[in-house]
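By UniProt numbering, the letter at position 33 of the sequence shown is numbered 33, and the numbering carries on one by one without gaps. By construction, the Cβ of each residue, glycine as well, lies at the ideal position given by its N, Cα and C atoms.
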Amino acid sequence: MRSVLKCGLFVPITLCAIYLIPPSVKLFIGFIPVENCHLESAKMLNLDNSDDASLNLQSRPDVLTCTYWKAAIIWEGMFDPHLYDEMHKIRGSSVALTVFAVGRYLDAYLHTFLNSSEQHFMVGLPVTYYVFTDMPEKVSNIKLSPLRSMKVIKVEKNSRWQDVSMMRMKSISNVIESDIRHHCTHIFCFDVDQVFTGRFGSEALGDSVALLHAHYYRLPKHLYTYDRNPNSKAYMETGDFYYHAAIFGGSWKNVKALTEACYQGIMEDKQNNVEALWHDESHLNKYMLLHKPSKVLSPEYCWDTSIGFRSDIQVTRLLWAPKYYDTLRTP
Numbered sequence: 001m002r003s004v005l006k007c008g009l010f011v012p013i014t015l016c017a018i019y020l021i022p023p024s025v026k027l028f029i030g031f032i033p034v035e036n037c038h039l040e041s042a043k044m045l046n047l048d049n050s051d052d053a054s055l056n057l058q059s060r061p062d063v064l065t066c067t068y069w070k071a072a073i074i075w076e077g078m079f080d081p082h083l084y085d086e087m088h089k090i091r092g093s094s095v096a097l098t099v100f101a102v103g104r105y106l107d108a109y110l111h112t113f114l115n116s117s118e119q120h121f122m123v124g125l126p127v128t129y130y131v132f133t134d135m136p137e138k139v140s141n142i143k144l145s146p147l148r149s150m151k152v153i154k155v156e157k158n159s160r161w162q163d164v165s166m167m168r169m170k171s172i173s174n175v176i177e178s179d180i181r182h183h184c185t186h187i188f189c190f191d192v193d194q195v196f197t198g199r200f201g202s203e204a205l206g207d208s209v210a211l212l213h214a215h216y217y218r219l220p221k222h223l224y225t226y227d228r229n230p231n232s233k234a235y236m237e238t239g240d241f242y243y244h245a246a247i248f249g250g251s252w253k254n255v256k257a258l259t260e261a262c263y264q265g266i267m268e269d270k271q272n273n274v275e276a277l278w279h280d281e282s283h284l285n286k287y288m289l290l291h292k293p294s295k296v297l298s299p300e301y302c303w304d305t306s307i308g309f310r311s312d313i314q315v316t317r318l319l320w321a322p323k324y325y326d327t328l329r330t331p
């Protein structure tokens, strides 16, 4: 009971500190010193593929460019985009993009998300969009580039947005088994309330890919909002980083394993009348603690402009779209 009470007090205070602090303080957070990569060369990484050996880990002394388990953290200035694109074309890499547009989220975000993806996501590689929605008839046609296609998959609309968020893990696992595994080498799973604004390319592909959360990547670990309820399968005392569930990816085998594990944890929590603090994101963080990602994306790959200026964010590749929770999450 004492632990639960501590959690109940800690989480609201932490969230207020992170999201409601004034811009001047957010600016100060950007000056908090960060660790530097302990590896002299990318050849010392546990390589996803040979291309990653070309990464320049020392080109960004202002940020952490590798993890202690020798995975790369991808930042602007570390890679040659043309090298990555050519090598993945030679290998025959192909990418599935999954996105959920349920209820009012479809009208508010999907068209902009897909159009911006056509401009910036894995340009030059075969991409198949898997759009999960409760209203397939409302998915508007967009002009797709060559090598690109779209599949619309009907899902049931849950009464609570939290359930939509959590149940996507089961839907993704199912479509990997029935379709994606036969057509694509890699998968990226996205939230729909985002807009591509710059290259989100083949340098991001890997066996297991996680994203550093824009609001946490410079904060000390004790401020990470992991699930602290020991009754939840997502419970964590501490971790390596705080990962954002708005984007995750990897090979189809690894994404299937992740989604199945998260779904199992969610269902076990439901049977015990427990709900993880940040729903599927809490379960994803727990999974990534136990199964380290082979590649980590910097917050460039999903940035929130409300944070303000950060000198280490030299480009923005994907931006948070305006959130209209009061209207979009109303039944």
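Buried versus exposed call for residue i [16 or more other C-beta atoms within 10 Å across all chains shown]
i                : result
serine 116       : buried
histidine 279    : buried
lysine 6         : With a pLDDT of only 49 at lysine 6, under the threshold of 50, the placement of this residue in the model should not be trusted; the figure read from the coordinates follows. Its Cβ having fewer than 16 others within 10 Å, lysine 6 is exposed.
leucine 147      : exposed
isoleucine 90    : exposed
aspartate 227    : buried
lysine 286       : buried
tyrosine 68      : exposed
serine 145       : exposed
serine 178       : exposed
histidine 183    : exposed
glycine 92       : exposed
asparagine 231   : exposed
phenylalanine 48 : The amino acid occupying residue 48 in the given sequence is aspartate; phenylalanine does not appear at that position. Aspartate 48 comes out buried.
Other residues of its chain near residue i: CB distance less than 6 Å, five sequence neighbours each side excluded
i                 : result
methionine 315    : Methionine is not the amino acid found at residue 315; the sequence shown has valine there. Correct list, in chain order: Glu76, Gly198, Glu300.
lysine 233        : Gly265, Glu268, Asp269
isoleucine 176    : Trp252, Lys256
alanine 259       : The identity of residue 259 in the sequence shown is threonine, whereas the question assumes alanine. Met169, Ile172, Ser173.
phenylalanine 132 : Phe100, Ile153, Val155, Ser171
Near the ligand COA: residue i beta-carbon under 7 Å from a heavy atom
i          : result
serine 171 : Ligands in the displayed structure: none, and consequently the ligand COA is not present.
Nearest to residue i (by Cα), restricted to the options the options
i                 : options                        : result
residue 371       : Glu35, Val34, Asn56            : Nothing can be reported for residue 371, as the shown portion of the chain is limited to 1 through 331.
valine 296        : Ser94, Val152, Lys70, Gln58    : Lys70
alanine 96        : Met150, Leu144, Tyr242         : Met150
histidine 215     : Ser173, Trp320, Met236, Val155 : Trp320
phenylalanine 100 : His244, Val139, Thr238, Gly92  : Val139
alanine 53        : Leu39, Leu64, Tyr324, Pro61    : Leu39
isoleucine 121    : Phe188, Ile180, Asp80, Pro136  : Looking at the sequence itself, residue 121 is phenylalanine, so the reference to isoleucine does not match. The residue with the shortest Cα to Cα distance from phenylalanine 121 is Phe188.
threonine 305     : His213, Leu114, His222         : His213
phenylalanine 196 : Asn46, Tyr324, Leu318, Ile73   : Leu318
tyrosine 242      : Tyr224, Cys262, Asn254         : Tyr224
serine 282        : Ser311, Gly250, Gly249, Thr238 : Thr238
leucine 284       : Val274, Phe248, Ser311         : Phe248
For residue i: DSSP bridge partner residues
i                 : result
tyrosine 235      : Asp227
tryptophan 303    : Leu319
phenylalanine 121 : Phe200
Own chain, CB closer than 7 Å to residue i, minus 5 neighbours either side, in chain order
i              : result
proline 293    : Ala71, Ser208, Val209, Ala210
asparagine 36  : Pro61, Leu64
glutamine 58   : none
isoleucine 313 : Pro299, Glu300, Trp303
arginine 181   : Trp252
Cβ shell of residue i (< 8 Å), same chain only, five flanking positions each side left out
i             : result
serine 50     : Met87
glutamine 271 : none
aspartate 80  : Ser54
3-residue-minimum beta strand (DSSP E) runs that sit fully inside the segment 20-103, ordered along the chain: 72-74, 95-100
Sequence ranges, beta strand (DSSP E) only - wholly within the segment 180-217, length at least 3: 186-190, 194-196, 208-211
Start-end ranges of the alpha helix (DSSP H) lying completely within the segment 241-318, minimum 4 residues: 252-271, 280-290
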